[in-house]
Amino acid sequence: MVPRMSPPVRLAALSAHVTQLLACRACPKMIGPVVSGRPVLSPVMLIGQAPGAHEGPAGKPFAWTAGKTMFRWFGELGVDEAAFRERVYMAAVCRCFPGKGDKGGDRVPAPDEIARCGAHLAAEVRLVEPRLVIPVGKLAIAQVLPDAAQLVDVVGRVTRARFHGRDLDVAPLPHPSGASTWHRTEPGKTLLAAALAAIGAHPAWAAVRDRV
Ligand code: SF4
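Under my numbering, think of the first position of the sequence shown as 89, with each following residue one higher.
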């Protein structure tokens, strides 16, 4: 059995991991720079999909319009953007901008890119030891809950799952992109409200919210 690392050792290892991650150039089709959240030990881990064109120059995930919507949702649960970035580990399925796809939207990362970046994510789950994971959008949800067929099956509830060797709770959110109408029309609107209520009621969220 692998001995558990103490929080200071995990934090040092996580900081070293993020430094290494920022230097990753493993995917030839991805457009850098690598975008990462801060190295923070948190009971809550957010998993986004992949950064857009604006996040690289801004140097942080969810730096543009979708982020504004998402941070408004979390603000309603008592954690504003600044506190969220300081207190929640922000991971993603892929950490580089995939570029534009054929239809003008952002290219969906290829399976080999997801697998490569998945190794970073696995290391983060091991080091951060989250109790609650919030995957945002279909691609992120599919990594954590591979049996979820549709958003309506999983958004609005907390699902117990094993993810990269760790048992944890999963509370998925729809992607907050302005291009998506899912969270602004029924049943998405009601399910989003239920998902936020479930996150707000989770003890891991309370620990983040009440941290001083
Ligand atoms: S997407 Fe992930 S694995 Fe690929 S180059 Fe970027 S950081 Fe590295």
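Positions of the beta carbon are idealized from the N, C-alpha and C atoms, including for glycine.
No residue range can be given for residue 273, since it is assigned to no alpha helix (DSSP H) and is classified by DSSP as neither H nor E.
For residue 201, the Cβ falls inside the 7 Å cut-off from some heavy atom of the ligand SF4. Under the three-state reduction of DSSP output, residue 188 falls in the strand class.
Within the same chain, 154 come within 7 Å of residue 265 by CB-CB distance, once the 5 residues on both sides are set aside. Residue range 177 to 180 is occupied by the beta strand (DSSP E) that includes residue 178, with no alpha helix (DSSP H) assigned at that position.
By the criterion of at least three beta-carbon pairs nearer than 8 Å, the stretch 178 to 195 is in contact with the stretch 112 to 119. For the pair of segments examined, the stretch 160 to 173 was found not to touch the stretch 246 to 258: the number of CB pairs separated by less than 8 Å stays below three.
Under the criterion of beta carbons closer than 8 Å, residue 180 and residue 149 qualify as touching, at roughly 6 Å.
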